[in-house]
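Notes to accompany the following structure.
Residue numbers (UniProt numbering): 1 to 588.
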């Protein structure tokens, strides 16, 4: 392709500057552009018959004017959610002439206000004018296509796709469909980390070439964010392949060090090899980031692009005209775009080793969006939030450890049975000590953030105390014998009842009592076997629960009532005896 020599710099074509009008149907048409003279830079052009190549280029330009960017993933800012516009996606990808073709998806992602849409519009010029030697456009031609503008506020939201799907003949004779995708910029003031991760992951999962648009350099936080976003995408995949994603192209904009690494692909390759190199003396965290990136993509490249010039950066009225852009930028742009989009370099989308058609891509978009709309995936967090959570969880773990060690000393496995009120008193003291320890640890996140973890700690301590109560009750010989005692009591009561009812001739009731007595005896034998062998533990637990219910609801109330009656009777007898003794003494 082009190497950016002076002849190419000076001869960008200027075919498409004729005015257009819109007919009643709303279709754009040109005003007899081919037969009328027009002026360029004050020089009147002579009407001429257009060549077939110029005719084809003009028709392509007219098609470009009727096409537009279409929102396929809609961002809802109020609840930070995303919705797939299935109808819009199907209108693009299920057109009859492309739906069964293998698809090439080129997506551009990165931080906001870094020129992603600006770059995509030059890609559109290339796709509409591939047969022309001067696809870059006329000197005074405004840049159109995906919406872009200067300034510091974001422009693109959600994910947009170009409504035209380009059909390209590859050198091997096969036809492929090429789809260009623009994504919302990351790290703006209105997007959460989850929003950024979802959009980046979704575009990476659905694209065959992901252009990672960066400014000036590749910094460590850029690599860490890439690691987070790609891992979020890998989590959503139903099957994990050896390398789940295809091609990643680092595009370094405004490169200021051409004396170290020259502009273009070769300079980018040497720069990226150095930046992603895993060294033995590196910290483990830095090594893991680089290993992760290499494990996610089958191919990784880098292109160094110069600054487009001060007019582009500072002129509020800049509309993309080539006259305002520095020659170095235009030269490297002519080299970059064919690397991504020339027929011989197109990378077809593959998932699991199988080529994906436009029809298939629609289904993959739907499936991936359902995953990100659900709650199956963990929510990615900012570095501060993740650090604060880890900090608070460590404090919770330390406080629980203090509580558990203290309770082991109070009522551990080698300690005898402890009275319930004493156990609760020990729990209250140790709980207070644990909470005090949690509050004394220096934590990140602020008071409100830490309060949630303190409440979590208190709930977990109460749950642990419940387990200590059960463990302590297990040491009580009377508690351990409650189940057999209850079953014996039921057997004895039913035996007496069967004798009495049988003596009175109520045989039906006697038979029922004998049946209950037999069931209680069988339950007692089965319970003893479970305790001895350790098998059928669920059955043993069920028998314990039934016995516990009988004890609490029947036997204990009867026993308490009987004891109360006996105590009352004893008190009355004592009073009567005291009165009698007093009377005897008075009579004497």
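Every residue, glycine too, gets a C-beta built ideally from N, C-alpha and C. Note that the structure is predicted; figures quoted are calculated from it, not measured.
Using a threshold of 8 Å, state whether the C-beta atoms of residue 456 and residue 396 are closer than that. yes
As assigned by DSSP and simplified to three states, the class of residue 175: strand
Alpha carbon to alpha carbon, what distance is there between residue 119 and residue 346? 18 Å
Residue 246 versus residue 267: straight-line alpha-carbon distance, rounded: 22 Å
Pop quiz: residue 179 and residue 167 are said to be a contact at Cβ under 8 Å. What is the actual Cβ separation, rounded to whole angstroms? Actually they are not in contact, since the Cβ atoms of residue 179 and residue 167 sit about 11 Å apart, beyond 8 Å.
Every unbroken alpha helix (DSSP H) inside the region 425 to 484 [4 residues or more]: 447 to 474, 477 to 480
Helix, strand or coil: how does DSSP classify residue 301 here? strand
Tell whether a beta-carbon distance below 8 Å holds between residue 100 and residue 290. no
To the nearest whole angstrom, what separates the beta carbons of residue 106 and residue 209, a pair I think is in contact under 8 Å? Confirmed, about 5 Å.
If you reduce the DSSP assignment to three classes, tell me which class residue 410 lands in. helix
Just reading off the beta strand (DSSP E) that residue 347 is part of, what are its end residues? Segment: none, residue 347 is in no beta strand (DSSP E) and carries neither H nor E.
Assuming residue 110 is part of the beta strand (DSSP E), what are its boundary residues? 102 to 110
Quick one: measure Cβ to Cβ for residue 82 and residue 117, integer angstroms, because I've assumed they're closer than 8 Å. Their Cβ separation, rounded to whole angstroms, is 19 Å, which puts residue 82 and residue 117 out of contact at 8 Å.
Tell me whether residue 257 sits in a helix, a strand or coil according to DSSP, three-state version. Annotated three-state conformation of residue 257 is coil, per DSSP.
Give the C-beta separation of residue 109 and residue 212 to the nearest angstrom, bearing in mind that I take them to be a contact with Cβ-Cβ under 8 Å. 6 Å
Give me, in chain order, the residues of the same chain whose beta-carbon lies closer than 7 Å to that of residue 273; leave out the 5 immediate sequence neighbours on both sides. none
Label residue 537 either buried or exposed according to how many other C-beta atoms from any shown protein chain fall within 10 Å of its C-beta, with 16 as the threshold for buried. exposed
Which one or two residues does DSSP pair with residue 84 in a beta bridge? 73, per the DSSP bridge assignment.
Residue span of the beta strand (DSSP E) that contains residue 215, given as start and end: 209 to 215
Does DSSP put residue 249 in a helix, a strand or coil? strand
Sequence-distant residues of the same chain with beta carbon closer than 8 Å to residue 393, five excluded per side: 453
Per the DSSP calculation, residue 161 is bridged to which residue(s)? 70, 181
Which partner residues of residue 167 appear in the DSSP bridge assignment? 177
Residue 505 beta carbon near the ligand NAP (any heavy atom closer than 7 Å): Only the bare structure without any ligand can be found here, which leaves the ligand NAP out of the picture.
If we ignore side chains and look at the alpha-carbon of each, how far apart do residue 420 and residue 459 end up? 20 Å
Skipping 5 residues on each side, what residues in its chain have a beta carbon closer than 7 Å to that of residue 48? Because the pLDDT of residue 48 is 41, which lies under 50, any placement of that residue in the model is unreliable, and the number read from its coordinates should be weighed accordingly. Closer than 7 Å at Cβ, skipping near neighbours: no residue.
Check whether the region 480 to 495 touches the region 543 to 557, taking contact to mean three or more Cβ pairs, one atom from each stretch, closer than 8 Å. yes
Our contact map puts residue 195 next to residue 160 with C-beta atoms below 8 Å; I'd like the distance itself, whole angstroms only. That belief does not hold up - the Cβ atoms of residue 195 and residue 160 are roughly 16 Å apart, past 8 Å.
Find the nearest neighbour of residue 422 within the set 330, 465, 250, judged by alpha-carbon distance. 465
Closer than 8 Å is the cut-off here; do at least three beta carbon pairs connect the region 247 to 259 with the region 277 to 286? no
Nearest-angstrom Cα separation, counted from residue 436 out to residue 216: 49 Å
Do residue 497 and residue 513 have their C-beta atoms closer together than 8 Å? yes
Who does residue 145 pair with in a DSSP beta bridge? Answer is none; residue 145 lacks a bridge partner.
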